[in-house]
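Asks: Residue 1 is where the sequence shown starts when you use the UniProt record's numbering, and the numbers rise one by one after that.
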Amino acid sequence: MSFLKEIQKRRTFGIISHPDAGKTTLTEKLLLFGGAIQEAGAVKSNKIKKGATSDFMEIERQRGISVATSVLAFNYRDKKINILDTPGHKDFAEDTFRTLTAVDSVIVVIDVAKGVEEQTEKLVEVCRMRNIPMIVFINKLDREGKDAFDLLDEVEQKLGLRVTPLSFPIGMGYDFKGIYNIWEKKINIFSGDNKQTISAGVEFDDINTPELDKLVGETSANTLREELEMVYEVYPDFNKKEYDEGQLQPVFFGSALNNFGVKELLDCFIDIAPNPQPKMSDSRLVDAKEEKLTGFVFKIHANMDPKHRDRLAFVKIVSGTFKRNTPYLHVRHNKKVKFSSPNAFFAEKKEIVEESFAGDIVGLHDTGNFKIGDTLTEGEKLNFKGIPSFSPEHFRYVNNADPLKAKQLYKGLDQLMDEGVAQLFTLDMNGRKIIGTVGALQYEVIQYRLEHEYGAKCSYENIAVHKACWVQPEDEKNEEFKEFKRVKQRYLAKDKQGQLVFLADSAFTIQMTQSKYPTVKLHFTSEFK
Ligand code: G4P
């Protein structure tokens with residue numbers, strides 16, 4: 001069956017890194033190899049430059065670019081590759097967490113000089129918890145950085161990974177001469193300083209050839225031979241099963257900017273990266289090869305034009321084929337819907353498609369019917385797991401600053417929350433609304449967008465909340481839970497799904513509450529069942 005072939009061809013992954021490690025540059029080089037773009041500079045970085053936190057034009061610019069780079073697809077060898085963009089900025093970490101629910105594997109980019117940085121640690125931890133297969137790319141080898149073995153140690157220790165280098169650098173910085181490709185047992189020596197072009201390099205099959213000494217000098221050649229011996233001795237051999245299960249992570253070295261080591265990475269990625277994986281739903285494990293369509297919304301993007309309030313919902317197809325103009329069940333609404341202009345993504349363009357397959361992402365125009373986590377099927381009532389809300393880090397009351405525009409304000413808030421910009425909590429006691437966000441930047445984004453897209457104005461008021469804890473009583477009827485609700489009444493709220501949340505003012509309060517009411521469990525994420 002041809003649809004099975006299509007699914008086997010898909011490789012859907014995300015690149016994660018701390019800002020500035022080189023994610024955008026690497027993405028661009030991968031697209032160049034795929035022939036999807038012709039020149040460097042075509043993929044715009046969607047990162048928010050430092051100091052731009054209150055620059056609304058920058059926020060708008062970023063939104064525009066991030067829709068364009070949300071999904072970048074290209075063909076390479078006989079595979080169709082889908083790269084899902086993951087914002088590196090920490091204020092958008094939740095966006096990234098959600099995108100990670102839609103990938104089948106991940107490439108982690110690390111700066112050779114800076115080593116493992118904060119955002120990398122957080123994102124890798126999420127991937128590790130979900131056993132997502134990961135490949136590590138150590139970038140910027142054209143600059144002086146840390147020793148390769150020290151870095152491998154750091155990756156193991158700080159990220160909790162078990163690594164196996166599949167390429168190894170010959171020199172570094174000014175002396176960076178090339179890459180030994182452990183995966184294919186080849187050497188690529190790079191020539192010239194013609195940056196931005198794809199250099200073919202010279203290939204050897206035998207590490208002991210005197211030719212190597214001639215090309216890189218005797219000292220570098222001998223160092224490489226010694227280092228490789230050490231690699232073979234210290235690190236485990238590559239094992240596909242362990243990689244697939246998230247137990248072993250191959251490491252590559254290179255320089256994305258100069259296109260050194262990128263082809264090695266891509267060729268190996270094509271060989272080993274998993275095709276669309278099964279996904280757990282609330283009723284059963286759904287296999288990508290099932291004929292019937294299932295998919296879920298992992299991202300919603302508002303239209304850039306404030307006059308048209310339609311949005312683009314990004315759906316990851318988990319199984320089967322998505323067809324244009326075919327009715328599918330919107331499980332939460334229990335309603336059939338069909339789409340006349342589903343978008344597929346190719347390089348930096350999007351276009352209407354007739355069919356997409358498991359592993360692909362389709363962009364659906366939406367006027368407010370979707371929210372993150374919504375599932376589409378051919379009739380089966382299931383919901384995919386693994387798209388939880390995490391406790392926000394910042395909390396503020398939101399007040400209506402223009403009494404005549406209350407309706408607009410609530411509509412705007414409702415839609416922005418569905419997009420996943422922030423989380424809204426409603427206090428049980430008095431119905432006041434609290435917005436929780438991952439970063440302070442979102443408050444400005446919300447204020448700006450409410451005004452420009454909905455014509456509403458809001459103001460914020462501080463509130464002392466440390467964490468939102470989702471409440472899970474062992475028994476709703478027991479006395480302990482009743483007492484908990486009575487005593488904590490002022491701090492109880494509902495999230496947008498109507499789940500009970502305890503807004504704790506300190507870590508100490510959480511600890512005390514937990515020990516006083518042991519049958520009432522407190523969770524930092526909304527998905528705990
Ligand atoms: P990001 O998406 O992970 O945030 O990183 P991005 O690719 O934008 O790269 C961050 C900076 O690092 C860029 O420089 C980029 O040119 C540089 N860079 C990426 N790969 C390499 C590499 O292999 N070697 C060296 N030396 N630099 C690299 P910038 O000056 O911040 O941006 P730009 O003005 O050049 O765009």
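All C-beta atoms, glycine included, are put in the ideal place defined by N, C-alpha and C. Note that the coordinates shown come from a computational prediction; the quantities given were computed from them, not determined experimentally.
1) If distances are taken between C-alpha atoms only, which option among Gln-489, Asp-20, Val-520, Tyr-76 comes closest to Arg-10?
2) Mind listing, in chain order, the continuous alpha helix (DSSP H) runs of no fewer than 4 residues lying wholly within the stretch 119 to 203?
3) For residue 618, which residues of its own chain have a beta-carbon under 8 Å away from its beta-carbon, when the five flanking residues on both sides are left out?
4) Please determine, among Asn-478, Gln-408, Phe-502, Leu-161, the residue with the shortest C-alpha to C-alpha distance to Gln-489.
5) Give, in chain order, every unbroken run of the beta strand (DSSP E) that is at least 3 residues long and sits entirely within the stretch 248 to 313.
6) What residue ranges within the stretch 394 to 421 form continuous beta strand (DSSP E) runs of no fewer than 3 residues, ordered along the chain?
7) Exposed or buried, Asp-150, counting other C-beta atoms within 10 Å across all chains shown (16 or more means buried)?
8) Could you check whether the stretch 238 to 249 touches the stretch 156 to 172, counting it as contact only if at least three pairs of C-beta atoms, one from each stretch, sit closer than 8 Å?
9) Should the stretch 329 to 338 be regarded as contacting the stretch 346 to 358, the criterion being three or more beta carbon pairs within less than 8 Å?
10) Over the uninterrupted beta strand (DSSP E) stretch that includes Ala-504, give me the two end residues.
11) Nearest-angstrom Cα distance between Phe-395 and Asp-310?
12) Does at least one heavy atom of the ligand G4P sit under 7 Å from the Cβ of Leu-32?
13) Let me make sure I understand the geometry here. Which of Lys-186, Glu-184, Pro-169 has the alpha-carbon closest to that of Gly-178?
14) The alpha helix (DSSP H) spanning Thr-437 covers which residue range?
15) Name, in chain order, the residues that DSSP records as bridge partners for Leu-364.
16) Between the Cα of Phe-260 and those of Val-315, Ser-70, Tyr-180, spot the shortest distance and give me the residue it belongs to.
17) Measure the CB-CB distance between Tyr-454 and Lys-411 and report whether it falls below 8 Å.
18) Pull up the DSSP beta-bridge partners for Val-108, would you.
19) Measuring only from the beta carbon, is Arg-449 closer than 7 Å to any heavy atom that is part of the ligand G4P?
20) By DSSP, does His-452 sit in helix, in strand, or in coil?
21) For Thr-53, name the three-state secondary structure that DSSP assigns.
22) Could you tell me if the beta carbon of Asn-188 falls within a distance shorter than 7 Å of some heavy atom in the ligand G4P?
23) Any heavy atom of the ligand G4P closer than 7 Å to the CB of Ser-526?
24) May I ask whether a heavy atom of the ligand G4P can be found less than 7 Å away from the beta carbon of Asn-257?
25) Assuming Ile-107 contacts Phe-137 (C-beta within less than 8 Å), just tell me the rounded distance between them.
26) Measure the Cβ-Cβ separation of Gly-359 and Thr-12 and say whether it is below 8 Å.
27) Can you give me the start and stop residues for the beta strand (DSSP E) that Ile-83 sits inside?
28) Examine the Cβ distances between the stretch 77 to 85 and the stretch 368 to 379 and report whether three or more of them are shorter than 8 Å.
29) What does the Cβ neighbour count give for Thr-164, buried or exposed, with the cut at 16 atoms within 10 Å?
30) Assuming Met-280 and Lys-385 are in contact, meaning their beta carbons sit under 8 Å apart, how far apart are those beta carbons, in whole angstroms?
31) For Asn-325, list the residues DSSP reports as bridge partners.
32) Going by Cα to Cα distance, which pick from Gly-436, Leu-416, Pro-278, Met-129 is closest to Leu-427?
33) So for Ile-48, helix, strand or coil by DSSP?
34) Measuring only the C-alpha atoms, how far is Ile-132 from Glu-245?
35) For a quick check, are the C-beta atoms of Ala-422 and Ile-446 less than 8 Å apart?
36) Under the assumption that Leu-84 contacts Val-103 (Cβ atoms under 8 Å), give the Cβ distance between them as a whole number of angstroms.
Replies: Looking at the coordinates:
1) Position 10 of the sequence shown, counted from the first residue, corresponds to residue 10. Arg-10 has its Cα closest to that of Tyr-76, out of Gln-489, Asp-20, Val-520, Tyr-76.
2) Every alpha helix (DSSP H) of 4 residues or more that sits fully in the stretch 119 to 203 is shown, in chain order, as 148 to 159.
3) Because the chain spans 1 through 529 in this model, residue 618 falls outside it and cannot be assessed.
4) Against the sequence shown, residue 489 aligns to sequence position 489. Across the set Asn-478, Gln-408, Phe-502, Leu-161, the C-alpha of Phe-502 shows the shortest separation from the C-alpha of Gln-489.
5) Fully enclosed beta strand (DSSP E) runs of 3 or longer: 249 to 253, 294 to 302.
6) The DSSP assignment places complete beta strand (DSSP E) segments of no fewer than 3 residues inside the stretch 394 to 421 at 394 to 400, in order along the chain.
7) On the sequence shown, position 150 is the one that residue 150 refers to. Asp-150 should be labelled exposed.
8) Yes, they touch.
9) Inter-segment contact for the stretch 329 to 338 and the stretch 346 to 358 is absent: fewer than three beta-carbon pairs are separated by less than 8 Å.
10) Position 504 of the sequence shown holds residue 504. 500 to 504 is the span of the beta strand (DSSP E), which, as asked, contains Ala-504.
11) On the sequence shown, residue 395 is found 395 positions in, with the first residue counted as 1. On the sequence shown, residue 310 is found 310 positions in, with the first residue counted as 1. The C-alpha of Phe-395 lies about 28 Å from the C-alpha of Asp-310.
12) In the sequence shown, counting from the first residue as 1, residue 32 sits at position 32. If you check the C-beta of Leu-32 against the ligand G4P, you find no heavy atom less than 7 Å away.
13) Translated into positions along the sequence shown, residue 178 becomes position 178. Of the candidates Lys-186, Glu-184, Pro-169, the one whose C-alpha sits nearest the C-alpha of Gly-178 is Pro-169.
14) Position 437 of the sequence shown, counted from the first residue, corresponds to residue 437. For Thr-437, there is no enclosing alpha helix (DSSP H); the enclosing beta strand (DSSP E) covers residues 433 to 437.
15) One-based indexing of the sequence shown puts residue 364 at position 364. For Leu-364, which the question treats as bridged, DSSP gives the partners Ala-313.
16) Your numbering for residue 260 matches position 260 in the sequence shown. Closest by alpha carbon: Tyr-180.
17) Within the sequence shown, residue 454 is the residue found at index 454, counting from 1. Within the sequence shown, residue 411 is the residue found at index 411, counting from 1. Contact: yes.
18) By one-based count along the sequence shown, residue 108 stands at place 108. According to DSSP, Val-108 shares a beta bridge with Ile-16, Val-136.
19) Working through the sequence shown from its first residue, we reach residue 449 at position 449. Checking the 7 Å criterion, the Cβ of Arg-449 is out of range of every heavy atom belonging to the ligand G4P.
20) By one-based count along the sequence shown, residue 452 stands at place 452. Reduced to three states, the DSSP call for His-452 is helix.
21) For the purposes of this step, residue 53 is identified with residue 53 of the sequence shown, where counting begins at 1. With a pLDDT of 45 at Thr-53, under the threshold of 50, the modelled position of this residue cannot be trusted, and the question is left open.
22) As a working mapping, residue 188 is identified with position 188 in the sequence shown. Every heavy atom of the ligand G4P is 7 Å or more from the Cβ of Asn-188, so no.
23) Numbered from 1 along the sequence shown, position 526 holds the residue referred to as residue 526. Checking the Cβ of Ser-526 against the ligand G4P gives no.
24) The sequence position of residue 257 within the sequence shown is 257, counting from 1. Checking the sequence shown, residue 257 turns out to be Leu, not Asn. The answer is yes for Leu-257.
25) Locating residue 107 in the sequence shown gives position 107, where the first residue counts as 1. Locating residue 137 in the sequence shown gives position 137, where the first residue counts as 1. Correct: roughly 6 Å between the Cβ atoms.
26) Residue numbering aside, residue 359 sits at position 359 when the sequence shown is read from its first letter. Residue numbering aside, residue 12 sits at position 12 when the sequence shown is read from its first letter. By the CB criterion at 8 Å, Gly-359 and Thr-12 fall inside the cutoff.
27) If you number the sequence shown from 1, residue 83 lands on position 83. Note, Ile-83: beta strand (DSSP E), 79 to 84.
28) By the Cβ test, the stretch 77 to 85 is not in contact with the stretch 368 to 379, since fewer than three Cβ pairs between them sit closer than 8 Å.
29) Counted from its first residue, the sequence shown places residue 164 at position 164. Burial call: buried.
30) Along the sequence shown, read from residue 1 onward, the residue named residue 280 stands at position 280. Along the sequence shown, read from residue 1 onward, the residue named residue 385 stands at position 385. The pair is a contact, with the Cβ atoms about 5 Å apart (cut-off 8 Å).
31) Position 325 of the sequence shown holds residue 325. Bridge partners of Asn-325: none, in fact.
32) Residue numbering aside, residue 427 sits at position 427 when the sequence shown is read from its first letter. Of all alpha-carbon atoms in Gly-436, Leu-416, Pro-278, Met-129, the one lying nearest the alpha-carbon of Leu-427 is that of Gly-436.
33) In the sequence shown, residue 48 corresponds to position 48, counting from 1. Caution is warranted here: a pLDDT of 48 is assigned to Ile-48, below 50, making its placement in the model unreliable, and no coordinate value can be reported.
34) Position 132 of the sequence shown holds residue 132. Position 245 of the sequence shown holds residue 245. If you draw a straight line from the Cα of Ile-132 to the Cα of Glu-245, it is about 7 Å long.
35) For the purposes of this step, residue 422 is identified with residue 422 of the sequence shown, where counting begins at 1. For the purposes of this step, residue 446 is identified with residue 446 of the sequence shown, where counting begins at 1. Yes, these two residues count as a Cβ contact at 8 Å.
36) Against the sequence shown, residue 84 aligns to sequence position 84. Against the sequence shown, residue 103 aligns to sequence position 103. Cβ-Cβ separation between Leu-84 and Val-103: approximately 6 Å, consistent with a contact (criterion under 8 Å).
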